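**Student:** Sharing a structure with you now.
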Amino acid sequence: YYINEESAKKINQYTTALLEMYQLMEQAVQTIRGGCISYANKDSGGTSCQRAVEIWDEAAAVQDGPNYLGTKRCQNYLTCGWDYNNTDGSIAITNQKVLNLFQVGQNAVRTGDIVGVKGIIKLIQSAQLVSYIQGVGRYAQKIADFDPPCVMDFNKEYAEGMAFSTGMLPQLYQCDRSAALTVDKTFQLKAGNCFPDVVSTKDFTIEDFLGVLRKNYQCLGVTCEDVGGLWDGEKYYAGAGPCVTMYGDYVAGN
14 YYINEESAKK
24 INQYTTALLE
34 MYQLMEQAVQ
44 TIRGGCISYA
54 NKDSGGTSCQ
64 RAVEIWDEAA
74 AVQDGPNYLG
84 TKRCQNYLTC
94 GWDYNNTDGS
104 IAITNQKVLN
114 LFQVGQNAVR
124 TGDIVGVKGI
134 IKLIQSAQLV
144 SYIQGVGRYA
154 QKIADFDPPC
164 VMDFNKEYAE
174 GMAFSTGMLP
184 QLYQCDRSAA
194 LTVDKTFQLK
204 AGNCFPDVVS
214 TKDFTIEDFL
224 GVLRKNYQCL
234 GVTCEDVGGL
244 WDGEKYYAGA
254 GPCVTMYGDY
264 VAGN
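Our numbering applies: residue 14 is where the sequence shown begins, and numbers increase by one.
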């Protein structure tokens with residue numbers, strides 16, 4: 014009973030809101046594609062992009078669930094505030110990025126810039142993945158700490174991990190099907206599911222699990238610094254400290 018109720022609440026609050034927002038952003042793009050110009054006066058014979066702007070603003074307004082998730086998870090990963098001060102009331106850095114991107118995107122929508130809008134949508138989607146990656150990592154760590162780490166005894170943690178994973182699995186699947194399968198199996202709500210068994214070995218650790226996610230950060234459009242490390246209040250959890258993004262040497266094109 015708890016699994017069904019808790020999963021439904023989390024999915025509705027966090028994941029369903031994402032889907033609605035994506036649909037509205039795409040609707041704004043299609044409205045622009047239908048033909049509109051930046052500003053139309055009564056004699057121009059054109060249609061302004063104001064309706065597309067209104068749809069875009071609706072998309073920005075439905076992100077309360079993802080924003081709330083970001084505010085909760087940034088406290089766990091020390092990613093609150095632009096200077097990472099993590100003080101009470103600090104907005105998650107990822108939330109600030111998303112809000113800024115929506116503002117920039119509104120200008121692109123108003124001017125009918127489809128290419129610009131699509132690029133901004135991709136940036137918004139990547140920024141919003143951060144909170145879901147953090148949620149998945151947090152509940153994987155909780156499960157890994159249990160003995161035995163099985164769904165039968167800790168269904169609450171499995172249910173919450175499953176709910177958060179639904180918000181990131183489509184993008185992860187596009188990047189790495191094997192990684193998406195590992196995350197999906199980790200939180201499956203079926204009898205007998207235990208954390209180490211997802212890869213048929215008993216030495217699969219939280220560090221290994223996070224490694225599955227981290228190797229796909231670049232494809233997902235996020236960095237180690239965006240996600241941070243899982244903090245227990247005094248130190249980072251063993252195997253869950255922050256990673257560092259490695260940038261290769263810049264090579265100028267011919």
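Cβ atoms here follow ideal geometry from the backbone N, Cα and C, with glycine treated the same way.
This structure is a prediction, so every number in the text was calculated from the model and none was measured.
Would you kindly check if the distance between the Cβ of G242 and the Cβ of Y90 is under 8 angstroms?
**Tutor:** Result yes, Cβ atoms of Y90 and G242 sit closer than 8 angstroms.
**Student:** Can you tell me whether S144 is buried or exposed, with buried defined as 16 or more other CB within 10 angstroms of its CB?
**Tutor:** Burial call: buried.
**Student:** Pull up the DSSP beta-bridge partners for I274, would you.
**Tutor:** As shown, the chain starts at 14 and ends at 267. That puts residue 274 outside it, with no answer to give.
**Student:** Quick one, are the C-beta atoms of M34 and V66 less than 8 angstroms apart?
**Tutor:** Against a cut-off of 8 angstroms, the Cβ pair of V66 and M34 comes out as no contact.
**Student:** Evaluate the contact criterion for the stretch 156-166 versus the stretch 101-112: three or more CB pairs, one atom per stretch, below 8 angstroms.
**Tutor:** Taking 8 angstroms as the limit for Cβ pairs, the verdict is that the stretch 101-112 does not touch the stretch 156-166.
**Student:** When burial is assigned at 16 or more other CB atoms within 10 Å of the CB, is N113 buried or exposed?
**Tutor:** N113 should be labelled exposed.
**Student:** Run through DSSP, which three-state label would Y260 get?
**Tutor:** Reduced to three states, the DSSP call for Y260 is coil.
**Student:** Hey, quick one: how far does the alpha helix (DSSP H) through V75 stretch, first residue to last?
**Tutor:** Run containing V75: none; DSSP gives neither H nor E here.
**Student:** Which same chain residues end up closer than 8 angstroms to W95 when comparing Cβ atoms and leaving out the 5 residues on each side of it in sequence?
**Tutor:** Within the same chain, W95 has close Cβ partners I106, Q109.
**Student:** Taking I127 as the reference, give the member of C256, G83, Y81, R46 with the closest Cα.
**Tutor:** Nearest of C256, G83, Y81, R46 to I127, Cα basis: R46.
**Student:** Using 8 angstroms for Cβ pairs, my map puts L82 next to G148. What's the rounded Cβ distance?
**Tutor:** 6 angstroms between Cβ atoms; contact.
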